[in-house]
Structures are given as C-alpha cells and as structure tokens.
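A.B. asks:
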Amino acid sequence: MNWSDPTGGRIQLVMAPHAIYTVGTTKLRKTAEFARRHGLKIHIHLAETKKEVDDCIKEYGTTPVRYLDKIGFLDSDVIAAHCVYVDEQEWGILARRGVTVSHCPCSNMKLGSGRFPYELALESGCRITLGTDGASSNNNLDLLEEMKFAALLAKVEGNPTLLKADEVFRWATINGAQAFGIDAGEIRERKVADAMLVNLDSPRLQPGHSLVSDMVYSADSSVVSRVFCCGQEIYGPGR
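First residue of the sequence shown? That's 4 in the numbering used here, and the numbers climb one at a time after it.
Here it is in structure tokens:
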C-alpha cells in the first residue's frame with residue numbers, strides 16, 4: 004500500500020467493513036488480514052440491534068461478538084461501534100481481545116436500538132469511547148451532546164450515580180485518542196497540543212463549581228472560543 008499522509012500522522016486510513024449483515028465471512032477475514040499486514044485500524048458496527056443478534060444466531064449459530072471472535076476478527080486494532088446487545092461473557096471477550104467500544108447514545112436513541120449496557124461495560128475494563136455515528140441517524144454530530152446523553156441514559160433505570168461526569172469526559176477525550184494511537188486527549192507536557200478553549204463567562208458554565216461536570220451536563224458549542232490542533236489555531240476570532 005503506497006500512501007503518504009501530508010499531515011504527519013493526523014489522518015489515518017482505517018478499514019471499515021460496515022457490519023456482519025452487510026459483509027460476509029470471507030471479506031471480513033480478508034479485511035482483518037489486510038489491516039494487520041499494513042498496521043491499520045478496523046472499524047465495524049457490532050451488536051447494534053436485537054434483529055442483528057437474532058439474524059446472526061439464525062445464520063451462524065451464535066451471537067455477533069462470538070462470531071467475530073470465532074473467525075479471528077477481534078483484536079486490539081478493532082473499534083466496534085454500538086455494542087448494545089452484548090452479554091457479560093461477550094464483554095469479557097472484547098476486553099481480552101483489547102477491542103475498543105465506541106458508544107453512540109444519540110444514534111441509538113434516534114433509531115430505537117436499545118440501551119447500552121453501561122454496568123457491564125464499566126465492569127469489563129474495556130476501553131470505551133464516544134461516537135456520533137453518521138448524520139443520517141444523529142444529525143449534528145456533536146460530541147458535547149453525546150457526553151450529556153451518555154451520562155443521562157446511563158442513569159435512566161434508577162441509579163443516579165452510574166457513569167460519573169469525569170468518566171464520560173474521559174470517554175470523549177483520552178480514550179478516543181488512545182483508540183487511534185494518538186498521544187493526546189489531555190493537557191500535559193509532551194502530549195500532542197490539541198486543545199479547546201472555552202468561555203468561562205458563558206451562562207452555560209455558571210456557577211462553575213466543577214468544569215468537568217459543566218462540560219458534560221451544561222456546555223454546548225456556544226461555549227467554545229478557540230480550537231487548536233497540533234498547537235495551530237484552527238478556530239477562533241477572525242478565523
């Protein structure tokens with residue numbers, strides 16, 4: 004494969020077989036082999052709906068997670084979106100394989116896919132990130148909104164302490180960077196200088212007792228004043 008990234012690593016090619024119900028076993032295996040031969044990440048939608056699980060059992064005699072594990076697809080280079088219908092044993096499989104799970108709360112709710120199993124996900128030790136899915140099932144693709152909905156949806160069945168603000172904030176920052184092998188996601192010496200400056204005078208960030216909690220539960224894009232990528236300002240006054 005001959006491709007040179009002009010951004011010095013900021014753009015990655017990723018293999019993205021859509022799902023087990025649109026890509027067959029042979030192509031899934033070949034995709035994984037190609038990705039691992041060239042050091043690429045793999046993205047796939049997994050266990051998003053109950054129908055997907057039922058159809059997989061009917062066709063392959065097992066669930067989507069177990070099926071992908073059986074064919075050698077799951078590994079630490081895989082980022083699996085949704086994972087709504089995943090049982091405790093399957094979370095163990097994902098954790099052992101080092102799979103990153105991308106939780107897409109707004110898309111899941113809009114499509115009526117179901118509630119993400121927060122309790123099992125947190126107990127498994129899997130790396131969890133936040134995703135938006137596509138515009139057709141989400142519309143505005145706003146990660147600030149995803150943080151709030153993830154935190155609220157986790158609590159909807161009666162436990163108001165489940166998924167604390169600092170945890171979901173980590174899903175949206177450090178965990179996302181780690182999933183793609185980027186040394187970013189936090190402000191620290193020698194880290195990639197990706198940062199977002201916010202207006203602390205914004206009514207949405209008042210009274211300011213906890214900035215992380217405010218960013219999760221109160222903030223929207225109106226609080227963002229400047230954005231930096233690799234130390235270069237890409238959004239701000241006059242840009």
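Where a beta carbon is used, it is the ideal one built from N, C-alpha and C, also for glycine.
1. Say whether the segment 152–163 touches the segment 223–235, bearing in mind that this needs 3 or more beta-carbon pairs closer than 8 Å, one atom from each stretch.
2. Who does residue 132 pair with in a DSSP beta bridge?
3. I need the boundaries of the beta strand (DSSP E) containing residue 228, first residue and last residue.
4. Between the segment 126–143 and the segment 85–99, do three or more beta carbon pairs fall short of 8 Å?
5. Provide the residue span of the alpha helix (DSSP H) that contains residue 91, from first to last.
6. When DSSP builds the beta bridges, which residues end up paired with residue 83?
7. With the cut-off set at 9 Å, would you say residue 119 and residue 68 are in Cβ contact?
8. Pick out whichever of 207, 32, 12, 10 has its Cα sitting closest to the Cα of residue 19.
9. So residue 168 and residue 216 are in contact, right, with Cβ under 8 Å, and what is the actual spacing, rounded?
10. Roughly how far, in whole angstroms, is the beta-carbon of residue 177 from the beta-carbon of residue 189, given that I think they are within contact range, below 8 Å?
11. Residue 200 bridges to which residues according to DSSP?
12. At the level of alpha carbons, what is the spacing between residue 196 and residue 183?
13. Given a cut-off of 9 Å, decide if residue 134 and residue 105 are closer than it, judged by their beta-carbon atoms.
14. Which residues bound the beta strand (DSSP E) around residue 192?
15. Only counting runs of 3 or more residues, tell me where the beta strand (DSSP E) segments fall wholly within the segment 137–221, in order along the chain.
16. One question on the structure: do residue 47 and residue 16 come within less than 9 Å of each other, judged by their Cβ atoms?
17. So for residue 238, helix, strand or coil by DSSP?
18. Along the chain, where does the alpha helix (DSSP H) that runs through residue 123 open and close?
19. To which residues of the same chain is residue 55 closer than 8 Å at the C-beta, ignoring the five residues directly before and after it?
C.D. replies: Inspection of the coordinates gives the following:
1. no
2. The residue labelled residue 132 in the question sits at position 129 within the sequence shown. Per DSSP, 105.
3. Residue 228 sits at position 225 when you count from the first residue of the sequence shown. It spans 227–232 - the beta strand (DSSP E) in which residue 228 sits, taken as one unbroken run.
4. yes
5. Taking the first residue of the sequence shown as position 1, residue 91 is located at position 88. From DSSP, the alpha helix (DSSP H) with residue 91 extends over 91–100.
6. Counting from 1 along the sequence shown, the entry for residue 83 is found at position 80. Answer by DSSP bridge pairing, in chain order: 47, 104.
7. Your numbering for residue 119 matches position 116 in the sequence shown. Your numbering for residue 68 matches position 65 in the sequence shown. The answer is no: Cβ separation not under 9 Å.
8. The residue you call residue 19 lines up with position 16 of the sequence shown. Ranking the options by Cα distance to residue 19, first place goes to 32.
9. In the sequence shown, the residue the question calls residue 168 occupies position 165. In the sequence shown, the residue the question calls residue 216 occupies position 213. Rounded, the Cβ-Cβ distance is 4 Å, consistent with contact.
10. Indexing the sequence shown from 1 puts residue 177 at position 174. Indexing the sequence shown from 1 puts residue 189 at position 186. At roughly 6 Å, the Cβ-Cβ gap stays under 8 Å, so residue 177 and residue 189 are in contact.
11. Position 197 of the sequence shown, counted from the start, is the residue given in the question as residue 200. DSSP output for residue 200 lists 229 as bridge partner(s).
12. Indexing the sequence shown from 1 puts residue 196 at position 193. Indexing the sequence shown from 1 puts residue 183 at position 180. Using only the alpha carbons, I get a separation of about 16 Å.
13. Your numbering for residue 105 matches position 102 in the sequence shown. Your numbering for residue 134 matches position 131 in the sequence shown. Yes, they are a contact pair.
14. Numbered from 1 along the sequence shown, position 189 holds the residue referred to as residue 192. Element bounds for residue 192: n/a, residue is neither H nor E.
15. 198–201
16. Numbered from 1 along the sequence shown, position 44 holds the residue referred to as residue 47. Numbered from 1 along the sequence shown, position 13 holds the residue referred to as residue 16. No, they are not a contact pair.
17. If you number the sequence shown from 1, residue 238 lands on position 235. In the structure shown, residue 238 sits in a strand (DSSP, three-state: E or B).
18. On the sequence shown, residue 123 is found 120 positions in, with the first residue counted as 1. Note, residue 123: alpha helix (DSSP H), 121–127.
19. Numbered from its first residue, the sequence shown carries residue 55 at position 52. Only 22, 23, 24, 67, 88 meet the Cβ criterion.
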